[in-house]
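First comes the structure, then the notes that go with it.
Residue numbers (the numbering used here): 15 to 462.
The following block contains the structure:
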């Protein structure tokens, strides 16, 4: 029998408001919001002084399964996600094998149905070799197609480096196209310069001078110009520069936007001054850049040129991260701590709770047309995150849940804590304890 949960007297953060009410949910869905009397059989939770968010939807993660499970898998990373209040994720195609066919995509969904504690969806990968197959596929039921991460497989897999192939895709693909926006040619030219000077041991501080603003800006502008030409639904992944933010609109509602973008939480949290302290642990592609860029990204998030917040959660082993510059893998784990980071910005007076809900919950659901999630509404799935905004804790090895067992945030103290996470009405995370009997569901897409 399904448990019936009633959270009493909780501050619900939803659709631009924070209002204290009761909420009743069972059989997967939110049944009622208002002043609700407890009845026999209800599991009553006292929400006094706590805040309830819609479950966080992380629009970009790399959970590494299949093929790279020595560093992460769908079970371990979804568990970490749930502990951080993330109830749904969209995973990228750079697993082994790369997700370049409909069958490989179906296999990944089957894996997730058995292992993931959170709700899930997956991008179909696109590279220079399978564009014709993508065009011939009915993409209307897909969350989207993406080239992100595929450059690790071989050079030339980024659409930004193949203007002719990108144009063919943009002219014919009917789904969202989410791209990694860097010009690899510019990056390679810079790599040659620094390799000649330092050999394989290029200091990590030069990473943003190798993966430069120019490499990002030129790729993003080219993609936007093509998308406008073909009326393509384009999403630019993990924006990193203040300059790029000016290429995006904030004068129309998100539902009407054909061209959208995101910021990953680490590009809001770190800047190039942190390389000296953290080294390769914060080596990401695109690179963490300047303090001016960090502040520019936050400004664009607040004024709606940037539409959503993601993590680009990309775990590697410490051994893989600690190799010399050119061998060190790019990416780091963030999904367990993304909401805490954003709530820390709230504590600093930089963003409102309502804006956090908009960028981490409402907008991902709207952007990716996810059915009945991302909002706290009667009739919607009961994906919910209960937060204590006045509970201090510190990230340590003992409480990191990533399979890789490290975090660039180790030693960071947060002032907020996720207390409970509900997925489809089920209490999956309860203040350090997990219910692993119930698995998440595949996200469904509106196809109107």
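Just so it is clear, CB atoms sit at the ideal spot from N, CA and C, and this is done for glycine as well.
Contact test: residue i Cβ vs the ligand NAP heavy atom, cutoff 7 Å
i           : result
residue 326 : This structure lacks the ligand NAP; in fact it carries no ligand of any kind.
Status (buried if at least 16 other CB within 10 Å, exposed otherwise) for residue i
i           : result
residue 61  : buried
residue 452 : exposed
residue 332 : exposed
residue 310 : buried
residue 440 : buried
residue 33  : exposed
residue 123 : exposed
residue 319 : buried
residue 198 : buried
residue 397 : buried
residue 362 : exposed
residue 49  : exposed
residue 446 : exposed
residue 81  : exposed
residue 238 : buried
residue 287 : exposed
residue 52  : exposed
residue 206 : exposed
residue 260 : exposed
residue 84  : exposed
residue 269 : exposed
residue 72  : buried
residue 245 : exposed
residue 450 : exposed
residue 17  : exposed
Close Cβ partners of residue i (< 8 Å) along its chain, the five nearest in sequence each way excluded
i           : result
residue 196 : 172, 174, 225, 229, 230, 233, 299, 300
residue 45  : 38, 39, 392
residue 186 : 149
residue 418 : 85, 86, 329, 330, 331, 332, 347
residue 116 : 138, 151
Cα-Cα separation, residue i to residue j
i           : j           : result
residue 424 : residue 178 : 44 Å
residue 216 : residue 408 : 32 Å
residue 118 : residue 25  : 42 Å
residue 264 : residue 277 : 15 Å
residue 250 : residue 181 : 16 Å
residue 345 : residue 329 : 6 Å
residue 282 : residue 355 : 9 Å
residue 459 : residue 93  : 24 Å
residue 10  : residue 322 : Not covered by the structure: residue 10. The range shown for the chain is 15 to 462.
residue 389 : residue 200 : 41 Å
residue 98  : residue 350 : 4 Å
residue 315 : residue 338 : 34 Å
residue 406 : residue 357 : 12 Å
residue 271 : residue 136 : 22 Å
residue 242 : residue 279 : 28 Å
residue 428 : residue 403 : 10 Å
residue 327 : residue 54  : 42 Å
residue 127 : residue 255 : 37 Å
residue 340 : residue 214 : 6 Å
residue 302 : residue 222 : 6 Å
residue 448 : residue 131 : 9 Å
residue 176 : residue 457 : 31 Å
residue 141 : residue 161 : 6 Å
residue 109 : residue 384 : 23 Å
residue 113 : residue 235 : 27 Å
residue 372 : residue 380 : 10 Å
residue 240 : residue 164 : 21 Å
Bridge partners - residue i, DSSP secondary structure assignment
i           : result
residue 428 : 407
residue 123 : Answer by DSSP bridge pairing: none, since residue 123 is not bridged.
residue 21  : 37, 59
residue 400 : 66, 434
residue 444 : 434, 447
residue 395 : 43
residue 456 : 134
residue 384 : 459
residue 160 : 139, 192
residue 31  : 28
Same chain only: Cβ atoms within 7 Å of residue i, ignoring 5 sequence neighbours per side
i           : result
residue 293 : 218
residue 368 : 27, 30, 31, 32
residue 42  : 395, 396, 438, 439
residue 155 : 459, 461
residue 257 : 227, 231
Cβ-based neighbour list, residue i, same chain, cut-off 6 Å, excluding 5 preceding and 5 following
i           : result
residue 183 : 145
residue 190 : 158, 247, 249
residue 105 : 75, 77, 136
What are the uninterrupted segments assigned as beta strand (DSSP E) that are 3 or more residues long and contained completely in the segment 175-249, given in chain order?
191-193
Just to confirm the assignment: which complete beta strand (DSSP E) runs, minimum length 3, are found wholly within the segment 90-147?
100-105, 133-136
Residue ranges of each alpha helix (DSSP H) within the segment 33-99, 4 or longer
88-97
Which ranges would you report for the alpha helix (DSSP H) in the segment 272-350 if only whole runs of at least 4 residues count?
279-283, 289-292, 305-316, 332-335
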